[in-house]
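Each residue of the sequence shown is one higher than the one before, counting from 13 in this note's numbering. Don't be surprised by glycine CBs; every beta carbon is placed ideally from N, CA and C.
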Amino acid sequence: MSKVGTAPVTVAVPARTSGPLALQGGAPVASPAIGVVKVEITESDIDAALVVLKSGMLAQGKNVLALEEAFVKASGCKHAVACANGTCALQLAYEPLFDPGDEVLVPAWSYFATASMIVARGGIPVFCDADPITYGIDVADAASKVTPRTAAIAATHIYGNPVDIDGVEGLAAKHGLSVIYDAAQSHLATYKGRGIGAYGDAVTYSFYATKNLTTGEGGMVTTNDDELAAKLRLLRSHGEPQKYTHTMIGYNYRMTDLEAAIGVSQMKRLADLTQRRRANAAKLDRLIAQIPGLTPPTPTPGGEHVYHLYPVRLDEPRFRSVENGLGVRDSFCKALNAEGVGTAIHYPRSLTRQPVFDKPGVRHCAVADRLSRELFCIPVHQALTDAQIGQIGDALAKVADALRA
Ligand SMILES: Cc1ncc(COP(=O)(O)O)c(C=O)c1O
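Shown next, in the form of structure tokens:
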């Protein structure tokens with residue numbers, strides 16, 4: 013439950029900013045506006061990329077190896093296999109761990125790829141509800157959906173918050189399931205003092221442009237299983253142990269050395285950036301706890317959150333919309349954006365409500381549906397200043413006061 017890096021909180025309590033909402037012609041709280049993400053590419057990242065460009069050796073090479081080595085050290089795992097993005101990391105991990113026709117337990121509250129790659133493998137996603145406090149998969153709901161055809165569980169460490177790993181592993185052990193964790197949003201998160209890479213059969217990561225560590229596009233699969241690691245390396249590159257000798261069907265899911273060089277450079281400061289996110293989250297927690305109707309995120313017991321995102325939960329019945337036809341949460345965000353605070357909705361609908369999955373027979377998930385109406389993400393990124401965090405608190409308080417039902 014720790015909020016590590018809880019530096020002394022010096023941010024003032026929200027000064028119930030009076031005056032009309034910026035949306036209605038008042039002065040915005042934050043000017044210039046505070047973006048919900050801030051992608052920082054440093055001179056060191058650029059220098060590392062330039063070295064690769066000047067070398068002319070752009071494809072997978074020594075920088076990919078260096079990124080994999082750095083990731084092994086940082087994530088508590090034995091092997092790391094870099095690949096082109098977090099979606100193909102899932103596809104690579106799924107292929108050896110369940111067969112076409114198998115059922116796979118998956119959270120309804122996750123990014124699309126966690127479930128879509130199950131289908132790409134020929135598996136059947138069985139959607140499970142979210143825990144209403146931590147937003148990870150509800151293990152009891154997952155347990156109630158196990159059948160003789162269930163072969164695996166794919167659980168997401170959502171927003172940077174480790175899932176209830178003990179619960180997931182207990183369920184998997186009872187039914188002999190493979191375990192894949194989607195950690196696209198959770199680099200460097202830990203559970204019970206160990207890196208999340210120490211758990212499960214495979215863990216997948218994304219290095220998309222807005223992630224805590226980015227290579228523009230990029231991904232990684234980690235595992236502690238020697239045989240699985242060897243298979244992942246083959247699958248990543250056309251099942252080709254030697255040039256032009258193909259022992260299995262594989263893909264070209266390789267990462268470029270240019271991307272990897274940026275990743276290696278960023279790995280050197282990832283721990284520091286993560287601490288800054290945690291310190292910012294601790295300050296935001298304090299401010300939001302004082303605003304009735306808003307709830308800050310809750311780390312999973314035993315887990316150390318890395319705050320890729322900071323989801324605020326709005327108790328929908330306690331607020332009203334400013335505009336006919338606009339939902340309460342979206343209305344709240346519109347007012348907040350006008351005050352100069354960026355927001356993002358992760359996600360506007362549960363996976364069972366995605367047109368591709370919302371077919372006759374699909375079982376909808378009540379908590380996930382409610383989260384899709386009540387959660388919104390605010391800035392927590394590494395570049396926030398204390399003054400900006402104070403402005404975020406003021407803007408939240410101002411909008412909450414103005415839109416209270
Ligand atoms: C939980 C989760 N899984 C998978 C992915 C897919 O990663 P990528 O965009 O690198 O393919 C993402 C990316 O947003 C994600 O957030």
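What are the boundary residues of the alpha helix (DSSP H) that includes residue i?
i	result
P108	G98 to L109
M129	F124 to A132
G352	Segment: none, G352 is in no alpha helix (DSSP H) and carries neither H nor E.
V84	K74 to S87
T286	D269 to I300
S156	V151 to S156
L408	D398 to A414
R422	The first residue shown for the chain is 13 and the last is 417, placing residue 422 beyond what the model contains.
H317	Unbroken run through H317: none, as it is neither H nor E.
H187	I177 to H187
E229	From DSSP, E229 is part of no alpha helix (DSSP H); its letter is neither H nor E.
V63	E55 to S67
Cutting at 7 Å between CB atoms, please list the residues of its own chain near residue i, excluding the five before and the five after it.
i	result
A82	V276 and M279
G172	Q197, S198, A201, H317, V318, Y319, H320 and L321
A61	L270, A273 and I274
S249	G262, N264 and R266
D370	T364
A120	F139, C140, D141, A142, S362, L363, T364, C377 and A380
With a threshold of 16 other CB atoms inside 10 Å of the CB of residue i, please say whether the residue is buried or exposed.
i	result
V118	buried
H258	exposed
D150	buried
L338	exposed
L70	exposed
N264	exposed
S362	buried
M260	exposed
Q302	exposed
A414	buried
P137	buried
P323	buried
Q400	buried
T235	buried
N75	buried
R28	Since pLDDT at R28 reaches only 48, below the 50 mark, its modelled position is unreliable, and no value is offered.
G354	buried
D59	exposed
T227	buried
A19	Annotation note: pLDDT 42 at A19 (below 50); position unreliable, no value reported.
A417	exposed
Q72	buried
Y256	exposed
R133	buried
S14	Note that S14 has pLDDT 38, beneath the 50 cutoff, so the model's placement of it is unreliable and the number below is only indicative. Exposed, by the Cβ-count rule.
Would you mind stating whether residue i and residue j have Cβ atoms separated by less than 7 Å?
i	j	result
A142	V318	no
Q403	V64	no
K50	A395	yes
D213	V191	yes
A293	V48	no
V116	A166	yes
V215	G207	no
G231	C89	no
L104	L244	yes
V84	V233	no
By Cβ distance, which residues of its chain are closer than 6 Å to residue i, with the 5 residues on each side in sequence left out?
i	result
V158	H187
K204	G314
L102	A125, M129 and T216
A155	L183
Near residue i, which residues of its chain fall below 8 Å by C-beta distance, leaving aside the five closest residues on each side in sequence?
i	result
V368	S128
E386	R325, L326, D327, E328 and R341
P44	G352
V16	Annotation note: pLDDT 39 at V16 (below 50); position unreliable, no value reported.
Give a yes or no on whether 7 Å exceeds the smallest Cβ distance from residue i to chain D.
i	result
E252	As a matter of chain content, chain D is missing from the structure shown, which is built from one protein chain.
Below 8 Å on the Cβ atoms is my guess for residue i versus residue j; work out the distance and round it to an integer in Å.
i	j	result
G352	D327	Between D327 and G352 the Cβ distance is about 24 Å, and since that is not below 8 Å, they are no contact.
G315	P174	3 Å
C377	T364	6 Å
P299	L348	It is Leu, not Pro, that sits at residue 299 in the sequence shown. That pair is no contact at about 14 Å.
H393	R289	7 Å
Would you give the residue range spanned by the beta strand (DSSP E) that residue i belongs to?
i	result
S190	S190 to D194
A241	Where A241 is concerned, there is no enclosing beta strand (DSSP E), although the alpha helix (DSSP H) it sits in stretches over D238 to R248.
E328	Segment: none, E328 is in no beta strand (DSSP E) and carries neither H nor E.
S362	First-last for S362: undefined, no H or E at that position.
E115	E115 to P119
A164	T162 to T168
A94	H91 to C95
S4	There is no way to answer for residue 4, as the model of the chain reaches only from 13 to 417.
V138	I136 to C140
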